[in-house]
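Undergrad:
Residue numbers (this note's numbering): 416 to 709.
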(Lines of atoms letter the chains of each structure in order from A; the text may use other names.)
(Lines give C-alpha, C1' and ligand atoms only; values in the text may rest on other atoms or scores of the structure.)
Protein backbone atom coordinates (compact mmCIF):
# COMPACT_ATOMS: atom_id res chain seq x y z
CA UNK A 416 0.00 0.00 0.00
CA UNK A 417 2.86 2.36 0.86
CA UNK A 418 4.50 1.64 -2.51
CA UNK A 419 1.24 2.40 -4.32
CA UNK A 420 0.93 5.75 -2.51
CA UNK A 421 4.59 6.50 -3.28
CA UNK A 422 4.10 5.74 -7.00
CA UNK A 423 0.99 7.93 -7.09
CA UNK A 424 2.83 10.81 -5.42
CA UNK A 425 5.74 10.48 -7.86
CA UNK A 426 3.32 10.51 -10.82
CA UNK A 427 1.47 13.57 -9.47
CA UNK A 428 4.77 15.39 -8.83
CA UNK A 429 6.08 14.65 -12.34
CA UNK A 430 2.77 15.76 -13.86
CA UNK A 431 2.82 18.99 -11.83
CA UNK A 432 6.46 19.61 -12.78
CA UNK A 433 5.67 18.99 -16.47
CA UNK A 434 2.76 21.46 -16.40
CA UNK A 435 4.96 24.01 -14.62
CA UNK A 436 7.67 23.69 -17.30
CA UNK A 437 5.08 23.89 -20.09
CA UNK A 438 3.63 27.13 -18.70
CA UNK A 439 6.83 28.86 -17.56
CA UNK A 440 9.64 27.68 -19.83
CA UNK A 441 9.08 28.33 -23.59
CA UNK A 442 11.87 26.03 -24.78
CA UNK A 443 10.42 23.17 -22.71
CA UNK A 444 7.31 23.22 -24.92
CA UNK A 445 9.43 22.68 -28.03
CA UNK A 446 11.39 19.88 -26.37
CA UNK A 447 8.21 18.09 -25.23
CA UNK A 448 6.58 18.44 -28.66
CA UNK A 449 9.73 17.16 -30.36
CA UNK A 450 9.87 14.18 -27.99
CA UNK A 451 6.21 13.38 -28.67
CA UNK A 452 6.69 13.63 -32.45
CA UNK A 453 9.68 11.30 -32.54
CA UNK A 454 8.87 8.88 -29.72
CA UNK A 455 6.80 6.54 -31.91
CA UNK A 456 9.50 6.43 -34.61
CA UNK A 457 12.22 5.75 -32.02
CA UNK A 458 10.10 3.03 -30.42
CA UNK A 459 9.46 1.40 -33.81
CA UNK A 460 13.17 1.43 -34.72
CA UNK A 461 14.08 0.04 -31.29
CA UNK A 462 11.62 -2.84 -31.73
CA UNK A 463 13.04 -3.54 -35.19
CA UNK A 464 16.60 -3.60 -33.81
CA UNK A 465 15.63 -5.98 -30.97
CA UNK A 466 13.88 -8.35 -33.40
CA UNK A 467 16.91 -8.26 -35.71
CA UNK A 468 19.49 -9.20 -33.07
CA UNK A 469 17.18 -11.81 -31.53
CA UNK A 470 16.56 -13.58 -34.85
CA UNK A 471 12.85 -12.72 -35.03
CA UNK A 472 13.08 -10.01 -37.68
CA UNK A 473 9.91 -9.48 -39.72
CA UNK A 474 10.00 -8.33 -43.33
CA UNK A 475 7.33 -7.15 -45.72
CA UNK A 476 7.84 -9.45 -48.71
CA UNK A 477 6.24 -10.69 -51.90
CA UNK A 478 5.22 -14.33 -51.52
CA UNK A 479 7.36 -17.03 -53.09
CA UNK A 480 5.76 -19.08 -55.85
CA UNK A 481 8.57 -21.55 -56.44
CA UNK A 482 10.57 -23.71 -54.02
CA UNK A 483 14.38 -24.03 -53.77
CA UNK A 484 14.11 -27.45 -55.45
CA UNK A 485 12.23 -25.93 -58.39
CA UNK A 486 14.86 -23.21 -58.70
CA UNK A 487 17.63 -25.82 -58.83
CA UNK A 488 15.66 -27.86 -61.39
CA UNK A 489 16.02 -24.96 -63.84
CA UNK A 490 19.63 -26.10 -64.30
CA UNK A 491 19.30 -29.82 -65.21
CA UNK A 492 22.91 -30.03 -66.39
CA UNK A 493 23.98 -29.53 -62.75
CA UNK A 494 21.43 -31.87 -61.19
CA UNK A 495 24.07 -34.44 -60.20
CA UNK A 496 26.66 -31.89 -59.11
CA UNK A 497 27.32 -30.35 -55.72
CA UNK A 498 25.06 -27.38 -56.19
CA UNK A 499 23.18 -25.56 -53.46
CA UNK A 500 20.55 -22.86 -53.03
CA UNK A 501 20.38 -19.93 -50.60
CA UNK A 502 17.46 -17.59 -49.95
CA UNK A 503 18.12 -13.86 -50.25
CA UNK A 504 15.96 -10.73 -50.14
CA UNK A 505 16.31 -7.70 -52.43
CA UNK A 506 15.17 -4.37 -50.89
CA UNK A 507 12.68 -2.20 -52.80
CA UNK A 508 10.67 0.86 -51.87
CA UNK A 509 6.91 0.68 -52.44
CA UNK A 510 5.28 4.10 -52.82
CA UNK A 511 1.56 4.83 -52.88
CA UNK A 512 1.31 7.92 -55.09
CA UNK A 513 -1.13 10.45 -56.52
CA UNK A 514 -0.43 12.58 -59.59
CA UNK A 515 -2.12 14.47 -62.41
CA UNK A 516 -2.23 13.13 -65.94
CA UNK A 517 -3.63 14.36 -69.24
CA UNK A 518 -6.46 12.14 -70.45
CA UNK A 519 -5.68 10.78 -73.95
CA UNK A 520 -7.69 12.54 -76.65
CA UNK A 521 -9.02 15.15 -74.25
CA UNK A 522 -7.70 18.48 -73.03
CA UNK A 523 -8.56 18.22 -69.36
CA UNK A 524 -6.35 16.73 -66.64
CA UNK A 525 -7.36 13.82 -64.43
CA UNK A 526 -6.02 12.70 -61.07
CA UNK A 527 -4.51 9.23 -60.88
CA UNK A 528 -3.53 7.04 -57.94
CA UNK A 529 -1.45 3.89 -57.76
CA UNK A 530 1.66 2.08 -56.54
CA UNK A 531 5.26 2.49 -57.67
CA UNK A 532 7.74 -0.27 -56.83
CA UNK A 533 11.39 0.75 -57.18
CA UNK A 534 14.49 -1.38 -56.63
CA UNK A 535 17.05 -0.05 -54.16
CA UNK A 536 19.67 -2.38 -55.67
CA UNK A 537 19.51 -1.87 -59.45
CA UNK A 538 17.90 1.59 -59.31
CA UNK A 539 15.06 0.78 -61.73
CA UNK A 540 11.25 0.85 -61.46
CA UNK A 541 9.40 -2.48 -61.58
CA UNK A 542 6.68 -2.10 -64.22
CA UNK A 543 4.87 -5.42 -63.69
CA UNK A 544 5.33 -7.95 -60.86
CA UNK A 545 3.93 -10.75 -63.04
CA UNK A 546 6.82 -10.57 -65.50
CA UNK A 547 9.15 -8.41 -63.39
CA UNK A 548 9.72 -6.13 -66.37
CA UNK A 549 11.72 -3.07 -65.32
CA UNK A 550 12.46 0.40 -66.65
CA UNK A 551 15.77 1.14 -68.37
CA UNK A 552 18.23 3.96 -67.81
CA UNK A 553 17.19 5.37 -64.44
CA UNK A 554 20.03 3.66 -62.59
CA UNK A 555 22.43 5.79 -64.64
CA UNK A 556 20.40 8.88 -63.74
CA UNK A 557 20.90 8.04 -60.06
CA UNK A 558 24.61 7.35 -60.55
CA UNK A 559 25.21 10.60 -62.47
CA UNK A 560 23.03 12.72 -60.14
CA UNK A 561 20.65 13.95 -62.83
CA UNK A 562 18.66 17.08 -61.94
CA UNK A 563 15.08 18.05 -62.77
CA UNK A 564 15.90 19.73 -66.08
CA UNK A 565 18.32 16.93 -66.98
CA UNK A 566 15.43 14.50 -66.63
CA UNK A 567 13.29 16.68 -68.92
CA UNK A 568 15.99 16.55 -71.61
CA UNK A 569 16.52 12.79 -71.28
CA UNK A 570 12.82 11.92 -71.30
CA UNK A 571 12.20 14.29 -74.23
CA UNK A 572 14.96 12.53 -76.18
CA UNK A 573 13.46 9.16 -75.26
CA UNK A 574 10.08 10.18 -76.69
CA UNK A 575 11.88 11.34 -79.87
CA UNK A 576 13.51 7.94 -80.35
CA UNK A 577 16.72 8.49 -78.40
CA UNK A 578 18.32 10.99 -80.79
CA UNK A 579 17.25 14.07 -82.75
CA UNK A 580 18.57 17.32 -84.18
CA UNK A 581 19.54 20.14 -81.85
CA UNK A 582 16.74 22.29 -83.31
CA UNK A 583 14.05 19.64 -82.77
CA UNK A 584 15.17 19.09 -79.18
CA UNK A 585 15.25 22.85 -78.51
CA UNK A 586 11.75 23.20 -79.95
CA UNK A 587 10.41 20.36 -77.78
CA UNK A 588 12.06 21.82 -74.67
CA UNK A 589 10.75 25.32 -75.46
CA UNK A 590 7.23 23.97 -74.99
CA UNK A 591 8.23 23.34 -71.37
CA UNK A 592 9.75 26.82 -70.98
CA UNK A 593 13.28 25.43 -70.72
CA UNK A 594 16.32 27.29 -72.07
CA UNK A 595 17.62 24.56 -74.32
CA UNK A 596 21.23 25.62 -74.94
CA UNK A 597 22.21 25.92 -71.28
CA UNK A 598 20.42 22.74 -70.23
CA UNK A 599 21.89 20.73 -73.10
CA UNK A 600 25.41 21.88 -72.15
CA UNK A 601 24.83 20.88 -68.52
CA UNK A 602 23.60 17.44 -69.60
CA UNK A 603 26.68 16.98 -71.76
CA UNK A 604 28.96 17.83 -68.82
CA UNK A 605 27.28 15.12 -66.75
CA UNK A 606 27.66 12.63 -69.66
CA UNK A 607 23.89 12.13 -69.73
CA UNK A 608 23.72 13.03 -73.44
CA UNK A 609 26.20 13.43 -76.30
CA UNK A 610 26.46 15.56 -79.43
CA UNK A 611 27.59 14.42 -82.86
CA UNK A 612 27.49 17.29 -85.32
CA UNK A 613 23.98 18.67 -85.19
CA UNK A 614 22.57 15.51 -83.62
CA UNK A 615 21.88 15.16 -79.90
CA UNK A 616 21.54 11.68 -78.47
CA UNK A 617 21.32 9.87 -75.16
CA UNK A 618 23.47 6.96 -74.07
CA UNK A 619 20.33 5.31 -72.73
CA UNK A 620 18.64 4.27 -75.97
CA UNK A 621 16.19 2.05 -74.09
CA UNK A 622 15.18 4.66 -71.52
CA UNK A 623 11.44 4.41 -70.97
CA UNK A 624 9.59 7.66 -70.23
CA UNK A 625 7.61 6.31 -67.26
CA UNK A 626 5.86 9.57 -66.37
CA UNK A 627 2.23 8.69 -65.77
CA UNK A 628 2.98 4.98 -65.23
CA UNK A 629 2.42 2.96 -62.08
CA UNK A 630 3.48 -0.57 -61.18
CA UNK A 631 1.03 -3.36 -61.95
CA UNK A 632 1.00 -5.46 -58.77
CA UNK A 633 -0.21 -9.04 -59.19
CA UNK A 634 -0.31 -9.43 -55.42
CA UNK A 635 0.35 -7.33 -52.35
CA UNK A 636 3.33 -7.94 -50.05
CA UNK A 637 2.77 -9.74 -46.75
CA UNK A 638 4.56 -9.71 -43.40
CA UNK A 639 6.92 -12.65 -43.03
CA UNK A 640 9.44 -13.72 -40.40
CA UNK A 641 12.92 -13.70 -41.90
CA UNK A 642 14.18 -17.31 -42.13
CA UNK A 643 17.42 -18.15 -40.39
CA UNK A 644 20.49 -18.26 -42.66
CA UNK A 645 18.79 -16.07 -45.28
CA UNK A 646 20.51 -12.83 -46.25
CA UNK A 647 19.37 -9.31 -47.14
CA UNK A 648 21.18 -7.58 -49.98
CA UNK A 649 22.48 -4.12 -49.04
CA UNK A 650 20.70 -1.20 -50.72
CA UNK A 651 22.82 0.58 -53.33
CA UNK A 652 20.54 3.63 -53.41
CA UNK A 653 18.76 5.26 -50.48
CA UNK A 654 14.99 5.61 -50.41
CA UNK A 655 15.42 9.40 -50.21
CA UNK A 656 17.41 9.48 -53.47
CA UNK A 657 14.87 7.29 -55.24
CA UNK A 658 11.94 9.39 -54.00
CA UNK A 659 13.74 12.55 -55.17
CA UNK A 660 14.26 11.05 -58.64
CA UNK A 661 10.63 9.91 -58.91
CA UNK A 662 9.39 13.39 -57.98
CA UNK A 663 11.54 14.90 -60.74
CA UNK A 664 10.18 12.41 -63.26
CA UNK A 665 6.52 12.93 -62.43
CA UNK A 666 6.64 16.71 -62.01
CA UNK A 667 5.11 19.18 -59.60
CA UNK A 668 1.62 17.69 -59.28
CA UNK A 669 2.93 14.53 -57.65
CA UNK A 670 2.46 13.31 -54.09
CA UNK A 671 3.89 10.30 -52.28
CA UNK A 672 1.11 9.44 -49.84
CA UNK A 673 3.11 6.77 -48.02
CA UNK A 674 6.08 4.52 -48.63
CA UNK A 675 7.55 1.39 -47.10
CA UNK A 676 10.48 -0.95 -47.61
CA UNK A 677 9.48 -4.28 -49.14
CA UNK A 678 11.64 -7.24 -50.14
CA UNK A 679 11.68 -9.51 -53.16
CA UNK A 680 12.76 -13.10 -52.41
CA UNK A 681 15.39 -14.56 -54.75
CA UNK A 682 17.28 -17.82 -54.76
CA UNK A 683 21.04 -17.64 -55.04
CA UNK A 684 21.91 -20.83 -56.92
CA UNK A 685 25.59 -21.82 -56.74
CA UNK A 686 26.42 -24.30 -59.51
CA UNK A 687 29.66 -26.26 -59.05
CA UNK A 688 31.18 -27.70 -62.23
CA UNK A 689 33.40 -30.75 -62.59
CA UNK A 690 36.50 -28.53 -62.62
CA UNK A 691 35.39 -27.08 -59.24
CA UNK A 692 34.53 -23.69 -60.75
CA UNK A 693 31.42 -22.02 -59.30
CA UNK A 694 28.77 -20.20 -61.31
CA UNK A 695 26.21 -18.14 -59.41
CA UNK A 696 22.71 -17.53 -60.78
CA UNK A 697 19.83 -15.64 -59.18
CA UNK A 698 16.24 -16.81 -59.64
CA UNK A 699 13.25 -14.62 -58.78
CA UNK A 700 11.23 -16.68 -56.29
CA UNK A 701 8.06 -14.82 -57.31
CA UNK A 702 8.19 -15.39 -61.08
CA UNK A 703 10.61 -18.33 -61.36
CA UNK A 704 12.67 -16.40 -63.91
CA UNK A 705 16.30 -15.20 -63.74
CA UNK A 706 16.69 -12.07 -61.63
CA UNK A 707 18.83 -9.58 -63.53
CA UNK A 708 21.05 -6.69 -62.46
CA UNK A 709 22.08 -7.67 -58.95
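Glycine included, C-beta positions come from ideal geometry on N, C-alpha and C.
What first and last residue would you give for the alpha helix (DSSP H) that runs through residue 660?
TA: As a working mapping, residue 660 is identified with position 245 in the chain shown. Note, residue 660: alpha helix (DSSP H), 654-665.
Undergrad: What would DSSP say about residue 506, mapped onto helix, strand or coil?
TA: Along the chain shown, one-based indexing puts residue 506 at 91. In the structure shown, residue 506 sits in a strand (DSSP, three-state: E or B).
Undergrad: Under 8 angstroms: do the stretch 679-697 and the stretch 480-487 share three or more Cβ pairs, one atom per stretch?
TA: Touching, yes.
Undergrad: Where does the unbroken beta strand (DSSP E) through residue 687 begin, and where does it stop?
TA: Within the chain shown, the letter at position 272 stands for residue 687. 669-687 is the span of the beta strand (DSSP E), which, as asked, contains residue 687.
Undergrad: I'd like to confirm the pairing. Which residues does DSSP put opposite residue 562 in its beta bridges?
TA: Stepping through the chain shown from its first residue, residue 562 is reached at position 147. Bridge partners of residue 562: none, in fact.
Undergrad: Which residues bound the alpha helix (DSSP H) around residue 588?
TA: Residue numbering aside, residue 588 sits at position 173 when the chain shown is read from its first letter. 581-589 is the span of the alpha helix (DSSP H), which, as asked, contains residue 588.
Undergrad: Reducing DSSP to helix, strand and coil, say where residue 610 ends up.
TA: Your numbering for residue 610 matches position 195 in the chain shown. Three-state result, residue 610: strand.
Undergrad: What residue does the beta strand (DSSP E) around residue 694 start on, and which one ends it?
TA: If you number the chain shown from 1, residue 694 lands on position 279. Segment 693-699, the beta strand (DSSP E) holding residue 694.
Undergrad: So is residue 641 buried or exposed if we call it buried at 16+ other beta carbons inside 10 Å?
TA: Numbered from its first residue, the chain shown carries residue 641 at position 226. So residue 641 counts as buried.
Undergrad: Sort out for me which residues DSSP pairs residue 637 with in a bridge.
TA: Along the chain shown, one-based indexing puts residue 637 at 222. Partner(s): 476.
Undergrad: Taking the CB atoms as reference points, tell me whether residue 605 and residue 558 lie closer together than 8 angstroms.
TA: Reading the chain shown from its first residue, position 190 is the one you call residue 605. Reading the chain shown from its first residue, position 143 is the one you call residue 558. No, Cβ-Cβ distance for residue 605 and residue 558 is not below 8 angstroms.
Undergrad: Taking C-alpha atoms, which residue in 546, 677, 602 lies nearest to residue 654?
TA: Mapped onto the chain shown, residue 654 falls at position 239. Nearest of 546, 677, 602 to residue 654, Cα basis: 677.
Undergrad: Given this structure, state the Cα-to-Cα distance separating residue 581 from residue 488, to the nearest angstrom.
TA: Taking the first residue of the chain shown as 1, we reach residue 581 at position 166. Taking the first residue of the chain shown as 1, we reach residue 488 at position 73. Taking the straight line joining both Cα atoms gives about 52 angstroms.
Undergrad: Hey, quick one: how far does the beta strand (DSSP E) through residue 528 stretch, first residue to last?
TA: As a first step, residue 528 must be located in the chain shown, where it is residue number 113. Run containing residue 528: 524-534, per the beta strand (DSSP E) assignment.
Undergrad: Would you be able to state if there are at least three C-beta pairs under 8 angstroms between the stretch 685-697 and the stretch 542-555?
TA: Cβ pair count under 8 angstroms is below three, so no.
Undergrad: Flag this pair as touching only if the stretch 635-649 and the stretch 609-617 have three or more C-beta atom pairs under 8 angstroms; answer yes or no.
TA: No contact exists between the stretch 635-649 and the stretch 609-617.
Undergrad: Closest to residue 668 by CA distance: which of 553, 514, 599 is it?
TA: What you label residue 668 is simply residue 253 of the chain shown in a count that begins at 1. Measuring from the Cα of residue 668, the nearest candidate turns out to be 514.
Undergrad: Residue 603 and residue 595 - do their beta-carbons sit closer together than 8 angstroms?
TA: Within the chain shown, numbered from 1, the residue matching residue 595 stands at position 180. Within the chain shown, numbered from 1, the residue matching residue 603 stands at position 188. Going by C-beta atoms, residue 595 is not nearer than 8 angstroms to residue 603.
Undergrad: Rounded C-beta distance between residue 476 and residue 506? I'm assuming under 8 angstroms.
TA: Residue mapping note: residue 476 aligns to position 61 of the chain shown, counting from 1. Residue mapping note: residue 506 aligns to position 91 of the chain shown, counting from 1. Contact flag wrong, Cβ pair sits at about 10 angstroms.
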